[in-house]
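Peer 1: Take a look at the following structure, please.
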Amino acid sequence: MKILGISFGRMNQRSDVMVKEALFAAKAAGADVQFINAVRMDIGHCRACDYCSRLREKGEVEIHCCFKDDYHILEEACLEADGIIIAAPVYAVGIVGQFKNFVDRFGPSHDRAALIEENRKRKEEGKPELDARYFKDRYTGYISVGGAETHNWVSLGLPMLDLFGFSFCMKCVGHVDAYDQGRTGHPLFDSALMEKCAELGKTVAESIGKPYEEVNEWSGDEGICPACHNSLLSMNGTTKVECPICGIWGDMSIDDGKVKINWPEEEIARARNTKIGIYEHYNEIQNMIKVCVPKLVANKETLPKMMEKYINFEDTIANMQ
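This is how it looks when you write it as structure tokens:
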């Protein structure tokens with residue numbers, strides 16, 4: 115089993131140290147480990163060119179982005195790994211943008227529902243199937259690193275890290291919310307924090323090779339959501355609440371001043387990182403296409419005329435009174 119550790123923080127600083135501590139524990143548990151610091155990598159943003167989707171449609175075995183930067187290094191390392199531990203700094207309430215650039219390019223291009231459906235068609239037609247690594251189950255662990263003492267200044271750290279695993283249906287088995295680093299000075303001064311990082315690495319290593327339904331271990335704070343273990347809730351004015359990370363609904367009640375959420379099993383089963391969850395989104399997209407394409411076809415003669423003032427924005431503005 116191979117566990118990959120990725121740090122999006124400065125070299126040999128907090129994110130690096132905490133990921134490496136987790137990898138030390140994973141190695142002790144029998145895993146082969148690899149560490150990558152991504153801070154100096156050139157990972158540009160997704161430009162929505164659909165090149166990766168077109169590769170699927172053309173029958174390619176591997177799905178790649180057409181842009182030639184360092185994204186491919188991380189992509190290949192993730193595909194080779196059985197478990198992935200990521201640490202990233204929080205700069206402005208949420209995780210650093212380089213991480214989001216990677217997720218935007220990695221996730222949608224490897225959406226498991228789309229890949230399963232594509233492989234199904236290829237099997238029926240006797241065509242070469244997609245890279246088997248796209249269908250491997252993986253376990254993840256996340257470390258959010260922030261300097262602020264006040265937690266609401268890092269509140270989107272762990273929730274954003276969870277975005278990494280959804281499209282590929284990875285299962286997170288633990289997280290560490292390492293905020294207040296400004297006063298800590300250095301993570302090595304906080305033995306309890308380093309123990310949490312080590313426990314995270316051990317939990318990821320011990321989960322690998324087991325079916326998702328057999329792994330109930332969790333390393334870190336329990337949170338509120340039973341699926342992602344984060345503590346964010348969306349409310350609609352009723353006692354029905356939603357985890358905005360997993361997209362599952364529960365019923366809220368107050369007992370002796372304490373909030374209690376009842377999460378039905380059928381909701382937990384449709385969290386975003388599950389097969390049910392990704393197929394909900396896949397089917398939503400397919401239905402959108404069925405509605406959108408006929409509209410575009412019906413207006414193919416009139417739409418270019420309607421778009422002229424937007425395409426020629428500067429001229430339009432200059433000619434306005």
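In my numbering, the protein residues as written are 115 to 435. From the three backbone atoms N, C-alpha and C, an ideal C-beta is built for every residue, glycine too. Nothing here was measured: the structure is a model prediction, and the numbers come from that model.
For a quick check, are the C-beta atoms of Pro340 and Ser348 less than 8 Å apart?
Peer 2: The sequence position of residue 340 within the sequence shown is 226, counting from 1. The sequence position of residue 348 within the sequence shown is 234, counting from 1. Contact: no.
Peer 1: Could you name the residues of the same chain whose beta carbon sits closer than 8 Å to that of Ala262, not counting the 5 residues immediately before and after it, in chain order?
Peer 2: As a first step, residue 262 is located in the sequence shown; it is residue number 148 there, counting from the start. Contacts found: Val204, Val268, Tyr293, Asp294, Gly296.
Peer 1: Quick one: is Glu160 buried, meaning 16 or more other Cβ sit within 10 Å of its Cβ, or exposed?
Peer 2: For the purposes of this step, residue 160 is taken as residue 46 along the sequence shown, with counting starting at 1. Rather than Glu, the amino acid found at residue 160 in this sequence is Cys. When all chains shown are included, Cys160 counts as buried.
Peer 1: Cα-Cα, which of Pro325, Val373, Thr352 is closest to Gly337?
Peer 2: Sequence index remark: in the sequence shown, residue 337 carries index 223 (1-based). The residue with the shortest Cα to Cα distance from Gly337 is Val373.
Peer 1: Helix, strand or coil: which one does DSSP assign to Gln148?
Peer 2: In the sequence shown, residue 148 corresponds to position 34, counting from 1. Gln148: strand per DSSP, three-state reduction.
Peer 1: Nearest to Glu171 by CA position, among Gly119, Leu277, Glu231, is which residue?
Peer 2: Residue 171 sits at position 57 when you count from the first residue of the sequence shown. Ranking Gly119, Leu277, Glu231 by Cα distance to Glu171 puts Glu231 first.
Peer 1: Can you check whether the C-beta of Arg168 is within less than 8 Å of a C-beta belonging to chain C?
Peer 2: You won't find chain C in this structure, because it holds only one protein chain.
Peer 1: Cys163 and Ser223: beta carbons closer than 8 Å?
Peer 2: Translated into the one-based positions of the sequence shown, residue 163 becomes position 49. Translated into the one-based positions of the sequence shown, residue 223 becomes position 109. No, these two residues do not count as a Cβ contact at 8 Å.
Peer 1: Roughly how far, in whole angstroms, is the beta-carbon of Ile209 from the beta-carbon of Ser129, given that I think they are within contact range, below 8 Å?
Peer 2: Looking up residue 209 in the sequence shown gives position 95. Looking up residue 129 in the sequence shown gives position 15. Wrong, their Cβ atoms sit about 11 Å apart, outside the cutoff.
Peer 1: So what does DSSP say about Cys192, is it helix, strand or coil?
Peer 2: As a first step, residue 192 is located in the sequence shown; it is residue number 78 there, counting from the start. Cys192 falls in the helix class under three-state DSSP.
Peer 1: Measure the beta-carbon distance from Ala140 to Lys316 and round it to whole angstroms, keeping in mind my assumption that it falls under 8 Å.
Peer 2: In the sequence shown, counting from the first residue as 1, residue 140 sits at position 26. In the sequence shown, counting from the first residue as 1, residue 316 sits at position 202. That belief holds up - the Cβ atoms of Ala140 and Lys316 are roughly 7 Å apart, short of 8 Å.
Peer 1: For Lys324, which of Arg236, Asp251, Asp146, Ile150 has the nearest alpha-carbon?
Peer 2: Along the sequence shown, one-based indexing puts residue 324 at 210. For Lys324, the nearest C-alpha among the options comes from Asp251.
Peer 1: Can you check which of these residues, Ala136, Gly364, Asp369, Met366, is closest to Asp146 by C-alpha distance?
Peer 2: Mapped onto the sequence shown, residue 146 falls at position 32. Ranking the options by Cα distance to Asp146, first place goes to Ala136.
Peer 1: For Ile399, count neighbouring Cβ atoms within 10 angstroms of its own Cβ and tell me buried if that reaches 16, exposed if not.
Peer 2: In the sequence shown, residue 399 corresponds to position 285, counting from 1. Exposed, because fewer than 16 other Cβ atoms sit within 10 Å of the Cβ of Ile399.
Peer 1: Pull up the DSSP beta-bridge partners for Asp291, would you.
Peer 2: Counting from one through the sequence shown, the residue named residue 291 turns up at place 177. Ser258, per the DSSP bridge assignment.
Peer 1: Alpha helix (DSSP H) containing Ala142: first to last residue?
Peer 2: Here residue 142 refers to the residue found at position 28 of the sequence shown. Counting along the chain, the alpha helix (DSSP H) containing Ala142 begins and ends at 128 to 142.
Peer 1: Please list the segments of the alpha helix (DSSP H) lying wholly inside the segment 268 to 318, counting only runs of 4 or more residues, in order along the chain.
Peer 2: Here the runs fully enclosed are 271 to 275, 295 to 298.
Peer 1: What's the gap between the Cα of Thr352 and the Cα of Glu381?
Peer 2: Position 238 of the sequence shown holds residue 352. Position 267 of the sequence shown holds residue 381. Cα-Cα distance, rounded: 18 Å.
Peer 1: Tell me the rounded alpha-carbon separation between Arg124 and Val153.
Peer 2: As a first step, residue 124 must be located in the sequence shown, where it is residue number 10. As a first step, residue 153 must be located in the sequence shown, where it is residue number 39. Cα to Cα, the separation comes out at about 6 Å.
Peer 1: What does the alpha-carbon distance come out to for the pair Phe213 and Ile392?
Peer 2: Counting from one through the sequence shown, the residue named residue 213 turns up at place 99. Counting from one through the sequence shown, the residue named residue 392 turns up at place 278. So the alpha carbons of these two residues sit roughly 21 Å apart.
Peer 1: Name the DSSP bridge partner or partners of Lys372?
Peer 2: For the purposes of this step, residue 372 is taken as residue 258 along the sequence shown, with counting starting at 1. Answer by DSSP bridge pairing, in chain order: Asp369.
Peer 1: Just to check my reading of the structure: Leu277 and Ile199 have Cβ atoms closer than 8 Å, yes? What is that Cβ distance to the nearest angstrom?
Peer 2: Along the sequence shown, one-based indexing puts residue 277 at 163. Along the sequence shown, one-based indexing puts residue 199 at 85. So it is not a contact: roughly 16 Å between Cβ atoms.
Peer 1: Taking all protein chains shown into account, decide if Ser321 is buried (16 or more other Cβ within 10 angstroms of its Cβ) or exposed.
Peer 2: Within the sequence shown, numbered from 1, the residue matching residue 321 stands at position 207. Counting Cβ neighbours within 10 Å, Ser321 comes out buried, since at least 16 surround it.
Peer 1: So Gly119 and Lys134 are in contact, right, with Cβ under 8 Å, and what is the actual spacing, rounded?
Peer 2: Counting from 1 along the sequence shown, the entry for residue 119 is found at position 5. Counting from 1 along the sequence shown, the entry for residue 134 is found at position 20. Going by Cβ atoms, the distance from Gly119 to Lys134 rounds to 7 Å, so yes, they are a contact pair.
Peer 1: Three-state secondary structure (DSSP) at Leu417?
Peer 2: As a working note, residue 417 is residue 303 in the sequence shown. Looking at Leu417 - three-state DSSP - the assignment turns out to be helix.
Peer 1: Out of Asp369, Ile375, Asp370, Asn344, state which residue places its alpha-carbon closest to the alpha-carbon of Val355.
Peer 2: Mapped onto the sequence shown, residue 355 falls at position 241. Ranking Asp369, Ile375, Asp370, Asn344 by Cα distance to Val355 puts Ile375 first.
Peer 1: Whose C-alpha, out of Lys237, Gln148, Asn350, Trp332, is nearest the C-alpha of Ala191?
Peer 2: The residue you call residue 191 lines up with position 77 of the sequence shown. Comparing Cα-Cα distances from Ala191 to each of Lys237, Gln148, Asn350, Trp332, the minimum goes to Gln148.
Peer 1: When the Cα atoms are used, what is the spatial distance from Met115 to Ala312?
Peer 2: What you label residue 115 is simply residue 1 of the sequence shown in a count that begins at 1. What you label residue 312 is simply residue 198 of the sequence shown in a count that begins at 1. Taking the straight line joining both Cα atoms gives about 17 Å.
Peer 1: Taking the straight line between their C-alpha atoms, what separation do you get for Arg219 and Gly371?
Peer 2: By 1-based counting over the sequence shown, the position of residue 219 is 105. By 1-based counting over the sequence shown, the position of residue 371 is 257. Using only the alpha carbons, I get a separation of about 44 Å.
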